[in-house]
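Presented below is the structure to which this report refers.
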Amino acid sequence: MPVLKGVNEPQNRGKMPTHEADAHRKRPTLWVRIGSAVLAVQMLALGVPASVAPLWFFDWFPFGAGWVAAGGPYNGHLLSDLGYAYLALAVVLGWAAVRPVRELCLAAAAAAVVANTPHLLFHLAHAEALPIVDSVAENALLAFTVVVGLAVFFGAYRIPAGGVASPAQQGVGLPRERA
1 MPVLKGVNEP QNRGKMPTHE ADAHRKRPTL WVRIGSAVLA VQMLALGVPA
51 SVAPLWFFDW FPFGAGWVAA GGPYNGHLLS DLGYAYLALA VVLGWAAVRP
101 VRELCLAAAA AAVVANTPHL LFHLAHAEAL PIVDSVAENA LLAFTVVVGL
151 AVFFGAYRIP AGGVASPAQQ GVGLPRERA
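Going by UniProt numbering, the sequence shown opens with residue 1, and the numbers climb by one from there.
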């Protein structure tokens with residue numbers, strides 16, 4: 001670690017050197033971006049097939065396992081509407097991943113948690129509808145989305161209110177925005 005001029009002066013004692021403080025501030029934003037992107041991809045993976053091919057989604061999702069079909073009778077209208085809702089969540093979560101403004105990240109993560117928590121609770125209550133391996137996999141994936149959503153939500157509180165550093169200042173290699 002390089003020696004910084006003035007670090008040991010009385011007014012600077014106990015403070016992080018500037019480069020360490022910058023790295024410390026970037027960390028929560030990076031994790032919020034990654035978590036938001038993971039959730040956006042998950043929502044796309046559900047939303048695209050459910051909205052474009054609801055019968056296929058019902059019979060084959062995921063990978064031919066028929067998890068959706070195990071939950072009750074087919075309703076194309078409800079499945080396509082669900083797909084559109086997932087696509088809408090994917091847009092907001094993707095936006096939060098690209099531009100992690102505190103308020104946007106909080107809202108996007110809260111929406112993901114609100115959507116996925118009751119979904120998880122439903123599947124936990126109806127675990128017998130699937131073979132044990134499928135039930136464990138399904139509930140583990142749903143629990144993962146809830147945990148990631150909560151991590152993004154609480155991580156977003158560490159982003160400065162009302163704004164965020166440009167992507168280049170966050171260390172993600174994108175060009176800086178001009179003021």
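Every residue gets a Cβ at the ideal spot worked out from N, C-alpha and C, and that includes glycine.
Just so you know, these numbers come straight off a predicted model, no measurement behind them.
Buried or exposed: which applies to Trp56, given that a residue is buried once 16 or more other Cβ atoms fall within 10 Å of its Cβ?
exposed
Return the CA-CA distance between Val32 and Leu93, expressed in angstroms with no decimal places.
CA-CA distance, Val32 to Leu93, rounds to 10 angstroms.
Ignore the nearest five residues each way along the sequence and tell me which others in Ala115's own chain have a CB closer than 7 angstroms to its CB.
Leu89
Does the Cβ-Cβ distance between Arg99 and Ala156 come in under 7 angstroms?
no
Does the distance from the CB of Pro54 to the CB of Gly71 come in under 7 angstroms?
no
Cβ distance (whole Å) where Phe58 is taken to contact Leu79 below 8 angstroms
6 angstroms
Determine, for Trp31, whether the minimum Cβ-Cβ distance to residues of chain C falls below 7 angstroms.
Among the chains of the structure shown, chain C does not appear; only one protein chain is present.
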